[in-house]
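See structure below.
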Amino acid sequence: MVTQFVLRTDKKNKAGLCPVHLVVYFDSVRLKCGTGEMCRPADWNIDKQKFRSSYPLFEDANDGLKLLADNVLAWWRKLRAVGEVPTLTGLRLVLRPQLAPAPPEAASVYGLYEQYRQAMRARGYSRETLRQHLVARNWFTDFEAYSGAFLDPVTYDLARHDALLSYLREVRALAPNSIYTAVKDLKSFLRFLRDERGVAVGIELRKLVAKPADTPKLYLSAADLEALASAMLPANLVATRDVFLFCCYTGLRYSDVSALHAGNLQEWNGGRLLRLVQSKTRAGVSIYLSAAASAILDQYADPEQLRLLPVHPNQVMNKYLKRVARLAGLTRAADLVSTGNGGISRSAVPTCELVTMHTARHTFATQSLLRGMPVEVLQKVLGHKKIQTTLIYAKIIEDFQHQTMRRIWDGEAVTDSSAGLDSQICAVEPSAA
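If you read the sequence shown in full-length UniProt numbering, its first letter stands for residue 1, the second for the next number, and so on.
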């Protein structure tokens, strides 16, 4: 192989500068390519094929030419070793190697997650969904601060994921279902970046696994509802009790009962209905108001009020409900199951300490099934998209199991409790207090 540096005086530009080309002879192959250097003819030594001392920084420039020749020689040796033929494209890559793009600087997950939330907001996702992803974003940014490193989607791997799970479980002390929700939100966030924003996510999303826990759902019996309805309460707790009972009679979530207005109320066949679009699922539901539910609405009817019922903030409602349940005598022990440190712990807790606004929805579902409401009808009333969600309530009703065992083992006939439930549940008149 022979290399020559040639000054192309035939390509002089307006400034009088001529390009320096490299000519390489590989056996029978001759290749020629520009080096990127330029000089005046007076600054070029034709015999020695290098810059004269009159050229600014001529020593550095000549060292550059020598380096190019050495690189071409190394390239030629590699080609010869594998039996390949040199090409002009290959020579150009040797003389002017393409620089690999600098990797983007890692940044906090905060900005990327906000882009994700903005996209969801633009696409009409519900306020509840956006709020949940706000909580997830805060968990992830807090993890960055705790670990001292960014949660970078490009470099995220299983080791980093295990560190996140450890932080959520041990430092934040989140319940298994909260961790499951966090992982589900993380996967949807990474999928958005990968599929819609072209980010090279560094992990297969199917490998990000978290298992939900099958937690027992608390629901109240017909006797519990009667005790609540007839309890003597301080004046500041009466409205909380009545709103809770209204949800027990209708199956409404807190987010829906807090937004009820006169436009949701309609007459139907001598009775009244609630028609609304659920805040969480955007599903339209139609709910018949029983006598007990109608009585509560009548008690708080006021044309000057925008809302049908006096609903406090959710945290306040849950705090007051525990006092209401205690005053109503719901103090029997309930089995509280919790998971942590790889095990399960069980403890006896008074029922009143576990009652929340969502207990009303569980109560409505289970008591409706006990009274004989078909699962398909209950699905429509609750606004579930999948019947499997409604069937969860059917699994936790044990009364029928107990009655069957009593009949088999004790020889007692199975009693039909639906008639009694008519008066105990759906026809309970709230106290006038």
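Glycine residues also receive a C-beta, built at the ideal position from the N, C-alpha and C atoms.
Cut-off 8 Å between Cβ atoms - residues of its own chain near residue i, not counting five sequence neighbours on either side
i: V29; result: V85 and P86
i: K211; result: P176 and Y180
i: L330; result: L220, D224, A227, L228, P350, T351, C352 and V355
i: D185; result: Q132, H133 and A136
i: L158; result: I203 and K207
i: L165; result: I179, V183 and A210
i: N45; result: F51 and R52
i: K11; result: C18 and P19
i: R254; result: For the record, residue 254 in the displayed sequence is Tyr; it is not Arg. Around Y254: C247, V311, N314, M317, M357 and H358.
i: S368; result: G251, L378 and V381
i: Q424; result: Residue confidence for Q424 is low, a pLDDT of 38 falling below 50, so the modelled location carries little weight; the figure read from the coordinates is stated next. So the list reads A222, A223, L225 and E226, once near-sequence residues are dropped.
Distance CB(residue i)-CB(residue j) smaller than 8 Å
i: K386; j: V355; result: no
i: F150; j: A182; result: no
i: C33; j: R92; result: yes
i: D43; j: F51; result: yes
i: L112; j: L22; result: no
i: D335; j: A348; result: yes
i: Y300; j: P313; result: no
i: V109; j: F140; result: yes
i: A69; j: T3; result: yes
i: G124; j: T281; result: no
i: I287; j: L308; result: no
i: L193; j: P153; result: yes
i: G284; j: V381; result: no
i: S279; j: E144; result: no
i: D302; j: L276; result: no
i: L7; j: V24; result: no
i: L73; j: L31; result: no
i: M357; j: M405; result: no
i: L67; j: F5; result: no
Residue range of the unbroken beta strand (DSSP E) whose run includes residue i
i: R275; result: G271 to V277
i: Y288; result: G284 to Y288
i: E267; result: L265 to W268
Beta-carbon contacts of residue i that lie in its chain and below 7 Å, excluding the five residues immediately before and after
i: T9; result: C18 and P41
i: L327; result: A231 and L233
i: L130; result: R117, M120 and R121
i: S418; result: Any answer about S418 is weak, because its pLDDT of 43 lies below 50 and its placement is not dependable; what the coordinates show is given next. R371 and G372, listed in sequence order.
i: A360; result: F244, C247 and C248
i: L391; result: V375
i: K78; result: none
i: A163; result: S147
i: W76; result: M1, F26 and P86
i: G16; result: R40
Identity of the residues DSSP links to residue i by a beta bridge
i: V29; result: F26
i: V20; result: L7
i: F51; result: W44
i: V349; result: A334
i: M38; result: P19
i: V2; result: Y25
Span of the alpha helix (DSSP H) around residue i
i: L93; result: L88 to L95
i: Q315; result: N314 to L327
i: A383; result: One point to set straight first is that residue 383 is Gly, not Ala, in the sequence displayed. From DSSP, G383 is part of no alpha helix (DSSP H); its letter is neither H nor E.
i: Y72; result: The residue you asked about is not Tyr; residue 72 is Val in the sequence shown. It spans F58 to V82 - the alpha helix (DSSP H) in which V72 sits, taken as one unbroken run.
i: L297; result: A291 to Q299
i: R361; result: M357 to L370
i: S255; result: Y254 to V257
Contacting residues, own chain, Cβ-Cβ under 6 Å from residue i (five flanking each side not counted)
i: I219; result: The residue asked about is misnamed: residue 219 is Tyr in this sequence, not Ile. Closer than 6 Å at the Cβ level, and outside the excluded window around Y219, lie H362, T363 and T366.
i: Y249; result: S290, A292 and A293
i: V174; result: One point to set straight first is that residue 174 is Leu, not Val, in the sequence displayed. Closer than 6 Å at the Cβ level, and outside the excluded window around L174, lie L168.
i: Y320; result: L237 and T240
i: D416; result: Caution is warranted here: a pLDDT of 44 is assigned to D416, below 50, making its placement in the model unreliable, and the coordinate value is therefore given only provisionally. The answer is none, since no qualifying residue turns up.
i: D422; result: At D422, the pLDDT of 45 sits below 50, so the modelled position is not reliable; the number obtained from the coordinates is stated separately. Hits under 6 Å: none found.
i: S54; result: D43
i: Q266; result: L273 and R275
Residue i: CB within 7 Å of a non-hydrogen atom of the ligand SAM
i: R407; result: Only the bare structure without any ligand can be found here, which leaves the ligand SAM out of the picture.
Minimum Cβ-Cβ distance from residue i to chain C less than 8 Å
i: T9; result: Going by chain labels, chain C is absent from the structure shown, which holds only one protein chain.
Length at least 4, wholly inside the region 98-176: the alpha helix (DSSP H) runs in chain order: 109-122, 127-147 and 158-166
Alpha helix (DSSP H) segments (min. 4 residues) lying fully within the region 185-250: 222-230 and 235-250
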